[in-house]
Amino acid sequence: KKDKLPKKLKSGLLLFENTSEVIRAEKILQKEGYKIKVVGPPPEIRKGCDLAIEIPLVEVIGILNLLKSQGIEPLDFIPFSENEILKPVDLFQVKDFGNYLMVRAANMKITVDKKTLVIVNISGGGCPDVPYLASILVGVNLNDNFSPKELAHTLCGYALHLAFEKAKKLLCSES
């Protein structure tokens, strides 16, 4: 019997209650080798948290079983096609200011000195942990063995981790 799903239906979004669940699920799925991506769900389908995990449709059963075995149950799974209006929102925006590069991920911005690779500013958010995270991150070199993800438990903290990783990818690969 042929699969009756449209040919372009290749991905889906797992929606979660909170950011901590997204962070845990991402870690588990990446450790198991799944090709996933944390994205912003379109506003029309958003439930719970402002982040979702995009997964390949063919992997949904295995992924759901794995997450359930680890005590994580997504609120919902929404399949979508490549051409569908309900596409996930890209979390990143990059702006070059000459000597500085600003990377925005969701609601958080990280600005880095392009020559020294040192973080010079953190802004955005609205979460209670942003001042704490900023106090730790300003002055950190992107090449330091450090990840904001270890400190992140809110959407802002997680978005800051994503911005940090994107800045590192963009700037550290050039040097």
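Mapping the sequence shown onto full-length UniProt numbering, position 171 (from 1) lands on 171, and the numbers just tick up by one.
By construction, the Cβ of each residue, glycine as well, lies at the ideal position given by its N, Cα and C atoms.
Query, Result
"Segments assigned alpha helix (DSSP H), at least 4 residues, entirely inside the region 75-155", "130-137"
"Bounding residues of the alpha helix (DSSP H) (the contiguous stretch that carries Ile-53)", "First-last for Ile-53: 52-56, but that is the beta strand (DSSP E), not the alpha helix (DSSP H)."
"Straight-line gap, Ala-52 to Lys-114 (C-alpha atoms, nearest Å)", "31 Å"
"Assumed close pair Ala-134, Ile-122 - CB separation to whole angstroms, cut-off 8 Å", "4 Å"
"Run of the beta strand (DSSP E) containing Gly-62, from where it starts to where it stops", "Unbroken run through Gly-62 is the alpha helix (DSSP H), 60-69; no beta strand (DSSP E)."
"Boundaries of the alpha helix (DSSP H) in which Ser-11 is found, first to last residue", "Note, Ser-11: premise wrong, no alpha helix (DSSP H); beta strand (DSSP E) at 9-15."
"Closest residue to Phe-146 among Leu-14, Glu-59, Val-58, Leu-162 (Cα-Cα distance)", "Leu-162"
"Contact under 7 Å by Cβ, Ile-36 with Ile-55", "yes"
"Residue range of the beta strand (DSSP E) that includes Lys-37", "37-39"
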